[in-house]
Each structure stands twice: as C-alpha cells, then as structure tokens.
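Engineer: In our numbering, the protein residues as written are 49 to 173.
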C-alpha cells in the first residue's frame with residue numbers, strides 16, 4: 049500500500065532535515081531543485097521519502113505559527129513492495145513531489161512557485 053500526506057508546518061529546513069534523519073534511523077540521500085528539497089531513506093527493504101517546500105500562507109493568522117513555515121510531504125509503503133532500493137526511493141520521492149505540487153496551490157502560499165517537471169534523480173548508492 050502506497051501512502052502519502054502533505055502538511056503545512058512550522059519548521060525550518062535544518063529542523064526538517066534533522067528530524068527526518070533521526071526518524072528514519074539510517075542514512076538518507078538528498079536532492080533539491082531551487083527551494084524544494086527531498087530526502088529518502090537508504091534501506092533496501094523499506095521506503096520513506098519526505099519533501100520540504102517553504103510556504104508562507106497569505107493569511108498568517110490562519111497558520112497560527114510564528115516561525116518559518118513549509119509544506120512537508122511524506123510518502124511510504126506499508127507491506128511488501130515490488131520495488132526496492134533506489135527504484136523505491138525514487139518512486140516515493142516522485143509521488144511525494146506530485147502531492148506537494150498540488151497542495152501548494154491549496155495551501156494558498158504567498159509566493160507563486162514554478163515547480164520543475166521533476167526533481168533531479170538521486171545519485172546511485
């Protein structure tokens with residue numbers, strides 16, 4: 049089962065990276081395009097990926113946060129997957145990226161953002 053979610057959270061990029069790295073419990077790979085950053089867990093049997101995109105809501109009162117805000121997407125698999133390793137990491141990152149692209153407009157972020165068609169591929173490990 050493929051799962052994914054996107055949330056508007058109060059978080060700096062550094063805090064997101066640190067939190068994700070400790071949550072994954074293993075090494076991660078990174079990629080980015082402009083202000084869009086992605087991380088994925090390096091584990092041949094499990095898949096976790098996360099994206100970070102800065103987002104200041106047009107109405108800051110609705111957000112209820114005082115620090116930097118971002119859309120943070122997470123994608124993973126539950127149970128066995130046909131894909132594994134680098135293929136699984138990339139597929140989960142691509143899925144999280146598509147979710148984030150759609151959520152960006154729904155979140156009514158102040159800045160318009162031109163998302164590239166896809167993120168750069170992870171290096172082979």
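Even glycine gets a Cβ: it sits at the ideal position worked out from N, Cα and C.
If you're wondering where the values come from, they're calculated on a predicted model, not measured in any experiment.
1) Given residue 98, which residues of its chain have a CB within under 6 Å of its CB, disregarding the five upstream and five downstream residues?
2) Alpha carbon to alpha carbon, how far is residue 55 from residue 148? Give it in angstroms, no decimals.
3) Is DSSP giving residue 100 helix, strand or coil here?
4) Given that a residue counts as buried once 16 or more other Cβ atoms are within 10 Å of its Cβ, and exposed if not, what is residue 120?
5) Is the region 143-161 touching the region 101-108, taking contact as three or more C-beta pairs under 8 Å?
6) Which runs of the alpha helix (DSSP H) at least 4 residues long sit entirely within the region 114-171? Give them in chain order.
7) What are the start and end residues of the beta strand (DSSP E) that includes residue 78?
8) Under 7 Å Cβ to Cβ from residue 61, same chain only, skipping five residues before and after it: list those, please.
Structural biologist: Reading from the atomic positions:
1) 68, 87, 122.
2) Pairing residue 148 with residue 55, the inter-Cα distance amounts to about 9 Å.
3) In the three-state reduction of the DSSP assignment, residue 100 falls in the strand class, which pools E and B.
4) Residue 120 should be labelled buried.
5) Taking 8 Å as the limit for Cβ pairs, the verdict is that the region 101-108 does touch the region 143-161.
6) Taking only runs of at least 4 residues, the alpha helix (DSSP H) segments lying wholly in the region 114-171 are 133-154.
7) Looking at the DSSP string, the run of the beta strand (DSSP E) that includes residue 78 is 76-81.
8) The beta carbon of residue 61 lies closer than 7 Å to those of 85, 100 in the same chain, with the five residues before and after it left out.
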